[in-house]
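Trainee:
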Amino acid sequence: MIESLTPFSQLLRFTDAKRAASLTGRLLGLGLPERDAILAVELERFDQLLADARERASITGLAVEFDGSGLSLTDGGDTWTCHPDGKLDRRYDRFDGFETFLEQIVGRPKVDDSRPVNRDCVLEAAYDAFWSPSATNWQPTRVIEVVGDSRDALCKLVGRKAPPDGFPCLLLLRREHYDSLLSDVLEPFGLPVTAREESIDAGIFVQTLIMSALAQGLTAEEYAFTAEQTEAARPIVEAVLAGRLADLALEEDAMLARERAALAGILDFLQRHKYHADCFVVVGHPAAPVTAYPEFGRLVGHHSTQRVASPAAEFGHAAMMRLWEVAERTLPPDERGRILFADFSWHEQVPPRIGKAMFEALYGVGADAESKAGGDGGILTAVTVRNYLLIVGGKDPGWLAGRLPTGWGDLDDSALRKAAKDVPVRGDHLGRYIRERILRDGKYVIKDGLVVDLENRPLTVPLLVRMMKSLAATFGNFFLKFQNTHPQNAVLLADTAAPDGHKTYRAVGKAAAVLTFLSRALGASSIIKSGPIDLARDPIARILAENPDDLPHLRPWKDGLERGVLLPALTFQVGMPLAGSDVVEPGTPGEHTGLEERKRDKRPPREDFTWHYLPVLERLSN
18 MIESLTPFSQ
28 LLRFTDAKRA
38 ASLTGRLLGL
48 GLPERDAILA
58 VELERFDQLL
68 ADARERASIT
78 GLAVEFDGSG
88 LSLTDGGDTW
98 TCHPDGKLDR
108 RYDRFDGFET
118 FLEQIVGRPK
128 VDDSRPVNRD
138 CVLEAAYDAF
148 WSPSATNWQP
158 TRVIEVVGDS
168 RDALCKLVGR
178 KAPPDGFPCL
188 LLLRREHYDS
198 LLSDVLEPFG
208 LPVTAREESI
218 DAGIFVQTLI
228 MSALAQGLTA
238 EEYAFTAEQT
248 EAARPIVEAV
258 LAGRLADLAL
268 EEDAMLARER
278 AALAGILDFL
288 QRHKYHADCF
298 VVVGHPAAPV
308 TAYPEFGRLV
318 GHHSTQRVAS
328 PAAEFGHAAM
338 MRLWEVAERT
348 LPPDERGRIL
358 FADFSWHEQV
368 PPRIGKAMFE
378 ALYGVGADAE
388 SKAGGDGGIL
398 TAVTVRNYLL
408 IVGGKDPGWL
418 AGRLPTGWGD
428 LDDSALRKAA
438 KDVPVRGDHL
448 GRYIRERILR
458 DGKYVIKDGL
468 VVDLENRPLT
478 VPLLVRMMKS
488 LAATFGNFFL
498 KFQNTHPQNA
508 VLLADTAAPD
518 GHKTYRAVGK
528 AAAVLTFLSR
538 ALGASSIIKS
548 GPIDLARDPI
558 ARILAENPDD
568 LPHLRPWKDG
578 LERGVLLPAL
588 TFQVGMPLAG
598 SDVVEPGTPG
608 EHTGLEERKR
618 DKRPPREDFT
628 WHYLPVLERL
638 SN
């Protein structure tokens, strides 16, 4: 019989404690309706705090501070100030000493194999790592905690002496292909996405894991797999998953059924090569002292990216380059030269041209900014019923057989739309994020595999295509305002001439993790984006090669950009927190206050930690 306190039950206990301890913990495993219910309560609480502050400020003639973190669904560190004249200021908590703490990432001590580490410390490090960089993005990574023979085999694979029992080590799995709402909209029409998020997120995870381990006074050894080691690790992991599933099949327990489902899903993805072993991490006590940083967990809980910073506060080139210098120093020496950092003020020409490039990628060159019509080419021209049916037909030809006339591919567009007007949409033909978007308000459900409305009428292909075209168009609403969202902008460039492209993009992720947390520690607001790269990587490279502002640091990169050796990998934007009285999009029909913007910029809920972290698959000896 399985013992009552299994590694999986320990994981559940840890996760339940997180749910009970914080607002961010309460968001674990929720859907959008549940998130919206919590947000509604937080909005009501914020409005009451604001009303009380305004009344007190008016009566006393003094500024009144209150906690506004609930508006961002974070755990604190977001202070709003109401002045007697009604003006609303805002500031983030600063985390002094964080920059100094980061200096020990490179050269950190090895693990002391003589002292096993508390498992809750390992769980804490992984939990922190799953939150970065946007406090929401968990989907590309899974972690398997391994001990015993599987751990020893992986240690042998990377050339490390196996630690004794009591050392749960972490195997990070990365997705073969990154899934997002953007890819869900583009790929059903044969449109590729060009960013390397699956590699970037692996780097973000492992760098944050290292930071969290060091912050607890521990250390972490990272062993990134080569391509050959990745494939050699696959049968090791598959065997231990299959063995654990076989053991669990003999047990009757609701909690174990949850564990079985998680294990079976990962095993299926591994066997179909949808997941790959990325790296092996050993967490433990350091062989030499490290400087702990107890505030790191609070920094993670306070962290939230935001799409607009204050338009009234500059950040500056010097501050931006300081962020980069620190981030670059945290990379291993052999990874530093793989990434270049090009930064721009919103007063320069590059940011608005990047926004224009993204707009044109969607609507076509020459499209009118207001009507969005008149462009030549553009992604939206490919969002058609024909292209959708071609993609579905290629993946599942049996589904269209009998539902469309023979030779449907030869029909003109009008006739094809008419022929497809009753073709229903299958739920498993939709990407995960577009499916959640369609189902979230309750107007549609999945019944017998089909997407149907509450009157049991199927969602049809032409209607789905119109929905996806409309959704894609909304991506473009913000592009022409790209330069107005943050005072300082940057593009991280990947040097693809270096061997092992995955390692290069993984290093981009490592740098991005440090950039985002360090900017927050300094009291700033930042955001990293891969969407601009998915939509307009090559046009952005051409803009940087042209160097319209004749910036000295871009000149040496011109040849690499023109030859496609230096590729834009990620954008990073930073500024000071958007205040409630700031004006966003001034002088336009969309003008609104910073307070209204904060209410519009909703954070997604967090996925259940237990779906992303699989505990030890063999019993710990202690």
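Numbering (the numbering used here), first residue to last: 18 to 639. Where a beta carbon is used, it is the ideal one built from N, C-alpha and C, also for glycine. Remember, predicted model here, so these are calculated numbers, not experimental data.
Tell me whether L45 sits in a helix, a strand or coil according to DSSP, three-state version.
Mentor: Strand at L45.
Trainee: So L357 and L187 are in contact, right, with Cβ under 8 Å, and what is the actual spacing, rounded?
Mentor: Actually they are not in contact, since the Cβ atoms of L357 and L187 sit about 30 Å apart, beyond 8 Å.
Trainee: Which same chain residues end up closer than 8 Å to L284 when comparing Cβ atoms and leaving out the 5 residues on each side of it in sequence?
Mentor: Excluding residues within five positions, the ones whose Cβ falls inside 8 Å are E255, L258, A259, L262.
Trainee: Of the choices T96, V582, V325, whose alpha-carbon is the least far from that of A515?
Mentor: A515 has its Cα closest to that of V582, out of T96, V582, V325.
Trainee: Looking at F297: is its Cβ nearer than 9 Å to the Cβ of L140?
Mentor: Not in contact: F297 and L140 (Cβ atoms no closer than 9 Å).
Trainee: For S86 and L595, I'd like the C-alpha separation in whole angstroms.
Mentor: Taking the straight line from one Cα to the other gives about 13 Å.
Trainee: Helix, strand or coil for N501? Go by DSSP, reduced to three states.
Mentor: DSSP places N501 in helix when its eight states are reduced to three.
Trainee: Output yes or no for whether 9 Å exceeds the beta carbon distance between P50 and S75.
Mentor: No. Outside cutoff.
Trainee: Under 6 Å Cβ to Cβ from A350, same chain only, skipping five residues before and after it: list those, please.
Mentor: Sequence inspection shows Pro at residue 350; the Ala mentioned does not correspond to that position. Around P350: no qualifying Cβ.
Trainee: Give the secondary structure of A179 by DSSP, where H, G and I count as helix, E and B as strand, and everything else as coil.
Mentor: Three-state result, A179: coil.
Trainee: Going by other Cβ atoms of all chains shown within 10 Å of its Cβ, with 16 needed for buried, is S197 buried or exposed?
Mentor: By the 10 Å Cβ count, S197 comes out buried.
Trainee: Do you know whose CA, among M337, K520, T347, lies nearest M228's CA?
Mentor: Checking every option, the nearest Cα to that of M228 belongs to T347.
Trainee: Which runs of the alpha helix (DSSP H) at least 4 residues long sit entirely within the segment 585-629? Give them in chain order.
Mentor: List check, alpha helix (DSSP H) in window: 611-617.
Trainee: Give me the Cβ distance between A241 and P126, rounded to the nearest whole Å; I'm assuming they're in contact under 8 Å.
Mentor: Contact flag wrong, Cβ pair sits at about 19 Å.
Trainee: Does the Cβ-Cβ distance between T98 and Y109 come in under 9 Å?
Mentor: No; because the gap between Cβ atoms is not below 9 Å, this pair is not in contact.
Trainee: One question on the structure: do G46 and W628 come within less than 9 Å of each other, judged by their Cβ atoms?
Mentor: Contact: yes.
Trainee: The beta strand (DSSP E) that contains V300, what's its start and end?
Mentor: 292-301 is the extent of the beta strand (DSSP E) around V300.
Trainee: Tell me where the beta strand (DSSP E) around E116 begins and ends.
Mentor: Taken as a continuous stretch (DSSP letters only), E116 belongs to no beta strand (DSSP E), being part of the alpha helix (DSSP H) at 115-119.
Trainee: Which first and last residues belong to the alpha helix (DSSP H) in which W416 is found?
Mentor: Looking at the DSSP string, the run of the alpha helix (DSSP H) that includes W416 is 414-417.
Trainee: DSSP three-state call for T98: helix, strand or coil?
Mentor: Of the three classes helix, strand and coil, the one that applies to T98 here is strand, per DSSP.
Trainee: V81 lies in the beta strand (DSSP E); which residues open and close that run?
Mentor: Segment 81-84, the beta strand (DSSP E) holding V81.
Trainee: I need the DSSP call for K527, collapsed to helix, strand or coil.
Mentor: K527: helix per DSSP, three-state reduction.
Trainee: Do the CB positions of L379 and A558 come within less than 9 Å of each other?
Mentor: Their beta carbons are not under 9 Å apart, which means L379 does not touch A558 by this criterion.
Trainee: Determine contact between the segment 317-332 and the segment 157-174, defined as no fewer than three beta-carbon pairs at a distance below 8 Å.
Mentor: The segment 317-332 is not in contact with the segment 157-174.
Trainee: Considering only residues of the same chain and omitting the five flanking positions on each side of E312, which have a CB-CB separation below 7 Å?
Mentor: Closer than 7 Å at Cβ, skipping near neighbours: F112.
Trainee: Go ahead and label R136 buried or exposed: buried means 16 or more other beta carbons lie within 10 angstroms of its beta carbon, across all protein chains shown.
Mentor: With 16 or more Cβ atoms within 10 Å of its Cβ, R136 is classed as buried.
Trainee: Could you tell me if A541 is buried or exposed, where buried requires 16 or more neighbouring beta carbons within 10 angstroms of its beta carbon?
Mentor: The residue is buried, with at least 16 neighbouring Cβ atoms inside 10 Å.
Trainee: Taking just the CA atoms, how far does V591 sit from Q505?
Mentor: Computed Cα separation, rounded: 6 Å.
Trainee: According to DSSP, simplified to helix, strand and coil, what is A326?
Mentor: Looking at A326 - three-state DSSP - the assignment turns out to be coil, as it is neither helix nor strand.
Trainee: Counting only runs of 3+ residues fully inside the segment 182-258, write out the beta strand (DSSP E) ranges in chain order.
Mentor: 186-192, 236-241, all fully within the segment 182-258.
Trainee: Which value, in whole angstroms, describes the spacing of the CA atoms of S638 and A170?
Mentor: Summary for S638: the model assigns pLDDT 40, below 50, so the residue's position carries little reliability; its value from the coordinates is reported in the next sentence. Each residue's Cα considered, the two are about 18 Å apart.
Trainee: Using a threshold of 9 Å, state whether the C-beta atoms of A399 and L208 are closer than that.
Mentor: Yes; because the gap between Cβ atoms is below 9 Å, this pair is in contact.
Trainee: Tell whether a beta-carbon distance below 9 Å holds between R523 and V223.
Mentor: Yes, the pair counts as a contact, with Cβ atoms nearer than the cut-off.
Trainee: Starting from A38, trace the alpha helix (DSSP H) both ways and give me its first and last residue.
Mentor: 24-38 is the span of the alpha helix (DSSP H), which, as asked, contains A38.
Trainee: Quick one, are the C-beta atoms of G183 and V128 less than 9 Å apart?
Mentor: Against a cut-off of 9 Å, the Cβ pair of V128 and G183 comes out as no contact.
Trainee: At the level of alpha carbons, what is the spacing between S321 and T91?
Mentor: Looking at the two C-alpha atoms, the distance is approximately 7 Å.
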